[in-house]
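**Student:**
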Amino acid sequence: MNFKVMTAAILSASLTSFVSSNVMASDTTQSNLEEARGLVKQFGGQLKPELKKAMKSGGPVVAVEFCHSKAPAIAMALSEKSGWDVNRVSLKARGAMAKPDAWETQVLNDFNERKAAGEDISKMDFSEVIHEGDKTTFRYMKAVGTAEVCLTCHGTNVAEPIKQAIAKYYPQDNAMGFSKGDIRGAFSFSKVEK
Ligand code: HEC
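Just so it is clear: in the sequence shown, position 70 is 101 by the working numbering, and no numbers are missing.
1. Inspect the beta-carbon positions of N63 and K123 and report whether they are closer than 8 Å.
2. Taking C-beta to C-beta, are D156 and Y171 nearer than 8 Å?
3. Are G186 and I214 touching if we call contact CB-CB under 8 Å?
4. Spatial neighbours of F218 within its chain, please: C-beta separation below 7 Å, excluding the five flanking residues on both sides.
5. Return the bridge partner residues of R231 from the DSSP annotation.
6. Would you decide whether E224 is buried or exposed? Buried here means 16 or more other CB atoms lie within 10 Å of its CB.
7. Is the beta carbon of G216 within less than 7 Å of some heavy atom of ligand 1?
8. Which residue marks the beginning of the alpha helix (DSSP H) containing R145, and which one marks its end?
9. Nearest by alpha-carbon distance to I161: which of E144, P91, I105, W134 is it?
10. Which residues in the same chain as A196 place their Cβ atom closer than 6 Å to its Cβ, once the five residues preceding and following it in sequence are excluded?
11. Just the Cα atoms here: how many angstroms apart are F169 and V117?
12. Hey, how far is the Cα of I105 from the Cα of F97?
13. Can you tell me whether V95 sits near ligand 1, meaning its C-beta is under 7 Å from at least one heavy atom of the ligand?
14. Assuming D102 and S158 make a contact with CB atoms under 8 Å, what is their CB distance in whole Å?
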């Protein structure tokens, strides 16, 4: 092998391994994204019907207690099952875990801008691979809109008994004053890569 051919061989070998490691990285990203979107379906799919049931059978005051105990429990069970960190966050938070960190705050602000630009909330999500030292984390967020039923506890005109029930569990509550169609918050999931 002369020098030129050898250089070309080395170059093409290293190019191939570069390309394949990139393809591998994007494969992982794609499967993480699919997993995260599956978790949204599971989380929402458990929460919403249960909330509706509690509203119907016990009324909104009982449903507040349901949200207080069940929402964190569903998140925890899902987290244990999936290995993901599972949470919900909001720029105007109610739950103890719902205060967004810097990355989440940025994404929530972006979601509001995307909504203002006309994007549909129901499909709005964002993911990013974050490298910190030798730790790689896949982070994902999915916007959550405000429907009519949500206004009972998150709206501008929450009834007095419901306000009291909320104040009992959340003296620092910041999650009222929303209108139908607003972004209420987001699901926020993360997974540390092995
Ligand atoms: C019966 C009252 C009630 C109704 C109705 C209700 N919520 Fe909530 N919501 C709560 C309570 C209580 C919490 C705090 C749960 C916790 O402790 O984790 C909460 C928390 C949340 C959170 C997590 C972020 C945060 O601020 O804590 C989101 C997102 C949310 N609600 C969205 C909705 C949406 C969307 C609807 C309508 C489909 C809705 N909620 C309807 C009572 C309610």
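Glycine included, C-beta positions come from ideal geometry on N, C-alpha and C.
**Tutor:** Taking the coordinates as given:
1. Looking up residue 63 in the sequence shown gives position 32. Looking up residue 123 in the sequence shown gives position 92. Not closer than 8 Å, so no.
2. Mapped onto the sequence shown, residue 156 falls at position 125. Mapped onto the sequence shown, residue 171 falls at position 140. Cβ atoms of D156 and Y171: closer than 8 Å.
3. Taking the first residue of the sequence shown as 1, we reach residue 186 at position 155. Taking the first residue of the sequence shown as 1, we reach residue 214 at position 183. Not in contact: G186 and I214 (Cβ atoms no closer than 8 Å).
4. What you label residue 218 is simply residue 187 of the sequence shown in a count that begins at 1. Only residues of its own chain outside the window of five on either side were considered, and among them V71, F74, R119, M172, K173, V175 have a CB closer than 7 Å to the CB of F218, listed in chain order.
5. In the structure as shown, the chain starts at 32 and stops at 225, and residue 231 therefore has no counterpart that could be examined.
6. Counted from its first residue, the sequence shown places residue 224 at position 193. The residue is exposed, with fewer than 16 neighbouring Cβ atoms inside 10 Å.
7. In the sequence shown, the residue the question calls residue 216 occupies position 185. Distances taken from the Cβ of G216 to the heavy atoms of ligand 1 include one shorter than 7 Å.
8. Here residue 145 corresponds to residue number 114 of the sequence shown, with the count starting at 1. Here the alpha helix (DSSP H) through R145 covers 133 to 147.
9. For the purposes of this step, residue 161 is taken as the residue at position 130 of the sequence shown. Taking only the C-alpha atoms, the option nearest I161 is W134.
10. On the sequence shown, position 165 is the one that residue 196 refers to. In the same chain as A196, and ignoring 5 residues on each side of it, the C-beta atoms closer than 6 Å to its own belong to V92, V95, in chain order.
11. On the sequence shown, residue 169 is found 138 positions in, with the first residue counted as 1. On the sequence shown, residue 117 is found 86 positions in, with the first residue counted as 1. Straight-line Cα distance between these residues: approximately 12 Å.
12. Here residue 105 corresponds to residue number 74 of the sequence shown, with the count starting at 1. Here residue 97 corresponds to residue number 66 of the sequence shown, with the count starting at 1. When rounded, the distance between both Cα atoms is 11 Å.
13. For this step, residue 95 is matched to residue 64 along the sequence shown. The nearest non-hydrogen atom of ligand 1 is less than 7 Å from the C-beta of V95.
14. The count along the sequence shown starts at 1 and reaches residue 102 at position 71. The count along the sequence shown starts at 1 and reaches residue 158 at position 127. A small fix is needed here, since residue 102 is Ala in this sequence, not Asp. With a Cβ gap of about 23 Å, A102 and S158 do not count as contacting.
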